[in-house]
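Chemist: For the sequence shown, position 337 matches number 337 in the UniProt record's numbering, and the numbering has no gaps at all.
Note that CB positions come from ideal geometry on N, CA and C, so glycine has one too.
Below is the structure I would like to discuss, written out as structure tokens.
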Amino acid sequence: MGSVQTPSRIAPASSTAPRGDPHLRRGRRTSRRAARAPAPRRAPGRRDHEPPPQLPRVRLRLPRRVAARRRRHHRQPFYTPPRSTSSHGRGARLIVTEACAVEKVREFAAERGITVVTIDVRSEGFVHFSDLLADSDESELPEVEIHPTMWWRSLLLGTTGSQGVMLTHRSLATSVAQQVDGENPNLYFHKDDVILCVLPLFHIYSLNSVLLCGLRVGAAILIMKKFDMVAMMELVQRFRVTIAPFVPPIVVEIAKSPLVDAYDLSSIRIVMSGAAPMGKDIQDAFRAKIPNAFLGQGYGMTEAGPVLSMCLAFAKEPFAVKSGSCGTVVRNAELKIVDPDTGASLGRNKPGYLNDPEATKNTIDKEGWLHTGDIGFVDDDDEIFIVDRLKEIIKYKGFQVPPAELEALLITHPSIADAAVVPMKDELAGEVPVAFVVRTKDSEITEDEIKKYVSQQVIFYKRIGKVFFTDAIPKAPSGKILRKDLRAKLAA
1 MGSVQTPSRI APASSTAPRG DPHLRRGRRT SRRAARAPAP RRAPGRRDHE PPPQLPRVRL
61 RLPRRVAARR RRHHRQPFYT PPRSTSSHGR GARLIVTEAC AVEKVREFAA ERGITVVTID
121 VRSEGFVHFS DLLADSDESE LPEVEIHPTM WWRSLLLGTT GSQGVMLTHR SLATSVAQQV
181 DGENPNLYFH KDDVILCVLP LFHIYSLNSV LLCGLRVGAA ILIMKKFDMV AMMELVQRFR
241 VTIAPFVPPI VVEIAKSPLV DAYDLSSIRI VMSGAAPMGK DIQDAFRAKI PNAFLGQGYG
301 MTEAGPVLSM CLAFAKEPFA VKSGSCGTVV RNAELKIVDP DTGASLGRNK PGYLNDPEAT
361 KNTIDKEGWL HTGDIGFVDD DDEIFIVDRL KEIIKYKGFQ VPPAELEALL ITHPSIADAA
421 VVPMKDELAG EVPVAFVVRT KDSEITEDEI KKYVSQQVIF YKRIGKVFFT DAIPKAPSGK
481 ILRKDLRAKL AA
């Protein structure tokens, strides 16, 4: 269906977990030759927390009925049991989880004969991950053939609900190669890097561009179970993190937090941001906090495989990029910009949505173009700028108002910790932008002060019609604002 060239083999990877630190696990890739070699001694001068030069690969011994199924499905651990067993989980044969989450899947797995594997402590009635390693022969590891069989996962807690997005093994392998392979890769990771993984691995950004790309080059990966500002800063300082993949809410918190000044973050060389737009003012404030790091954005979506563009500042031979840019199209991908009435279109090579042919038909046209639903443009230097989601554009008397633009402006105010903008119906204008605002600690900023702050900096039709103060902005784990929840509050 698409023009992406797919490598026939990708080197397999393995991971392990060091003891002693509750915040992280560490993963590393190794070659077949390294797997056969005797365990290395610690290099002179290497500190205890530094990753070992190599970790052995292993073969998993799975039940035949499990091994025969090639699909993968990632489910959010935060879900309650009814949500965890929704329709997109049908067809699963293996559930890999932690002991703290087994009760959420116990009944579901028992009714369907699904094998449950725990990766930390043993739980009665379930298989432990170490059992899958029993009797494995580490000296005879086969080459990994990347077959075009289906691998699928769900877009969970998205802005429009839950959908099961289908990808292939080859598309994931190709995406990793697009980013980190070659003499001058779009995303320059190397074996000496230490990558911070604070984003949830059930989100495609973290899974693809953090975990898989990190393992591909043999980098150390520090995995935090959940975001905590102080714990994250401590890890960066302690392990000399060099790569920090974030989402805009984390970038905003770092830019505004006085805690950052107490830590040595000079080891960071790349700060990646994705999953949502990021304004120029916030980028500038962040760079003032961590001036040694390249800060940039990428662009993509799960349905597209997922990465479509990458910041040129992340390349082995970096180029300066404009603030707000998402970089240029990655190798072997295609992009076109069309009239909004037709729908923005990107990336021709994806199967579509699981068990939802109507959604697939509405998203992928007859020519194979995937309609992303994003509003954006490409400048004279081929850099991509994403303005907002087509469905989220507010129509004020026929004028288009991108919520992300107003949100980026609102959070530059020192008394505003977070903000979201949604449309509210209006008899005269059709729709007016209204803001949900989270005040900073001890802030007493008023609605009138916020309206004045915005109106002084935007054209008349982008002015805020009303302000609602709230304790938190509802967001998906990926960092995307759940606007449908806010619209529901307005309708209530």
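Starting from Arg-216, follow its DSSP beta bridges and name the residues at the other end.
Modeler: Paired residue(s): none; Arg-216 is not in a bridge.
Chemist: Can you list, in chain order, the residues of its chain with a C-beta nearer than 6 Å to that of Ser-443? Leave out the 5 residues immediately preceding and following it.
Modeler: Excluding positions up to five away in sequence, the list reads Ser-415.
Chemist: If you compare alpha carbons, which of Asp-382, Ile-411, Val-458 and Ala-244 is closest to Tyr-205?
Modeler: For Tyr-205, the nearest C-alpha among the options comes from Ala-244.
Chemist: Under 8 Å between the Cβ atoms of Val-401 and Ile-394?
Modeler: Yes. Within cutoff.
Chemist: Spell out the partners DSSP gives Phe-468 in its beta bridges.
Modeler: DSSP lists Phe-436 as partners of Phe-468.
Chemist: Less than 8 Å separating the beta-carbons of Ala-173 and Ile-195?
Modeler: Contact flag unset, no.
Chemist: Between Phe-294 and the rest of its own chain, which residues show a CB-CB distance below 8 Å, the 5 nearest in sequence each way excluded?
Modeler: So the qualifying residues of the chain are Arg-269, Ile-270, Val-271, Cys-311, Ala-313, Phe-314 and Pro-318.
Chemist: Can you have a look at Asp-448 and say buried or exposed, based on whether 16 or more other CB atoms are within 10 angstroms of its CB?
Modeler: That one is exposed.
Chemist: Considering only DSSP beta bridges, list what Val-401 is partnered with.
Modeler: Note: Val-401 sits in a beta bridge opposite Ile-394.
Chemist: Start and end of the beta strand (DSSP E) containing Val-102?
Modeler: Per DSSP, Val-102 belongs to no beta strand (DSSP E); it is in the alpha helix (DSSP H), 102–112.
Chemist: Would you list the residues sitting across from Lys-280 in a DSSP beta bridge?
Modeler: Beta-bridge pairing links Lys-280 to no other residue.
Chemist: Please state whether DSSP places Val-271 in a helix, a strand or coil.
Modeler: Looking at Val-271 - three-state DSSP - the assignment turns out to be strand.
Chemist: Just tell me which of Tyr-396, His-413 and Tyr-453 has its CA closest to the CA of Glu-427.
Modeler: The option with the nearest alpha carbon to Glu-427 is Tyr-396.
Chemist: Who are His-128's beta bridge partners in DSSP?
Modeler: Answer is Thr-118.
Chemist: Can you name, in chain order, every residue of its own chain whose Cβ lies under 6 Å from the Cβ of Val-236, other than the five neighbours on each side?
Modeler: Around Val-236: Leu-265.
Chemist: For Thr-302, does the count of other Cβ atoms within 10 angstroms reach 16, so buried, or fall short, so exposed?
Modeler: Answer is buried; the Cβ neighbour count reaches 16.
Chemist: Under 8 Å by Cβ, that's how I've got Val-241 and Leu-222 pegged, so tell me the actual separation to the nearest angstrom.
Modeler: Right, the Cβ-Cβ distance comes to about 7 Å (below 8 Å), so this counts as a contact.
Chemist: Using only the heavy atoms of the ligand NAD, determine whether one of them is closer than 7 Å to the beta carbon of Ala-219.
Modeler: Summarising the ligand content, the structure contains no ligands, and the ligand NAD is consequently not present.
Chemist: List the whole-angstrom C-beta distance separating Ile-114 from Ala-92, where the pair is believed to meet the contact cut-off of C-beta under 8 Å.
Modeler: Indeed, because the Cβ distance is near 6 Å, the residues count as touching under 8 Å.
Chemist: For Val-247 versus Leu-199, is the C-beta spacing smaller than 8 Å?
Modeler: In contact: Val-247 and Leu-199 (Cβ atoms closer than 8 Å).
Chemist: What is the DSSP secondary structure of Pro-245, counted as helix, strand or coil?
Modeler: Three-state DSSP puts Pro-245 in a strand.
Chemist: Distance check for Gly-465 and Pro-185, CA to CA, integer angstroms please.
Modeler: When rounded, the distance between both Cα atoms is 46 Å.
Chemist: With DSSP collapsed to three states, give me the class of Thr-97.
Modeler: Three-state result, Thr-97: strand.
Chemist: Looking at Val-432: is its Cβ nearer than 8 Å to the Cβ of Val-421?
Modeler: No, the Cβ-Cβ distance between Val-432 and Val-421 is not below 8 Å.
Chemist: When the Cα of Arg-439 is compared with those of Glu-145, Asp-418, Pro-423 and Tyr-453, which residue comes out closest?
Modeler: It is Asp-418.
Chemist: Below 8 Å between beta carbons: does that hold for Ser-309 and Gly-327?
Modeler: Yes, the pair counts as a contact, with Cβ atoms nearer than the cut-off.
Chemist: Am I right that Gly-125 and Ala-275 are in contact with their C-beta atoms under 8 Å? What's the rounded C-beta distance?
Modeler: With 8 Å as the limit, Gly-125 and Ala-275 do not qualify as a contact, their Cβ atoms being about 37 Å apart.
Chemist: Tell me where the alpha helix (DSSP H) around Asp-485 begins and ends.
Modeler: Per DSSP, Asp-485 belongs to the alpha helix (DSSP H) from 483–491.
Chemist: Taking just the CA atoms, how far does Ser-130 sit from Glu-145?
Modeler: About 25 Å.
Chemist: Considering only C-alpha positions, which residue in the set Gly-279, Asn-292 and Lys-289 is nearest to Lys-322?
Modeler: Nearest C-alpha to Lys-322: Gly-279.
Chemist: What separation, rounded to the nearest whole angstrom, lies between the Cα atoms of Leu-141 and His-203?
Modeler: Straight-line Cα distance between these residues: approximately 30 Å.
Chemist: Which residues does DSSP list as the beta-bridge partners of Tyr-299?
Modeler: Ser-309.
Chemist: Taking C-beta to C-beta, are His-190 and Val-217 nearer than 8 Å?
Modeler: For His-190 and Val-217, yes; Cβs fall inside 8 Å.
Chemist: Assuming Phe-468 contacts Phe-436 (C-beta within less than 8 Å), just tell me the rounded distance between them.
Modeler: 5 Å between Cβ atoms; contact.
Chemist: For a test of the three-state rule: what should DSSP assign to Thr-174, helix, strand or coil?
Modeler: Here Thr-174 sits in helix by DSSP.
Chemist: Report the CB separation of Leu-409 from Gln-456 in whole angstroms; it is logged as a contact under 8 Å.
Modeler: 10 Å between Cβ atoms; not a contact.
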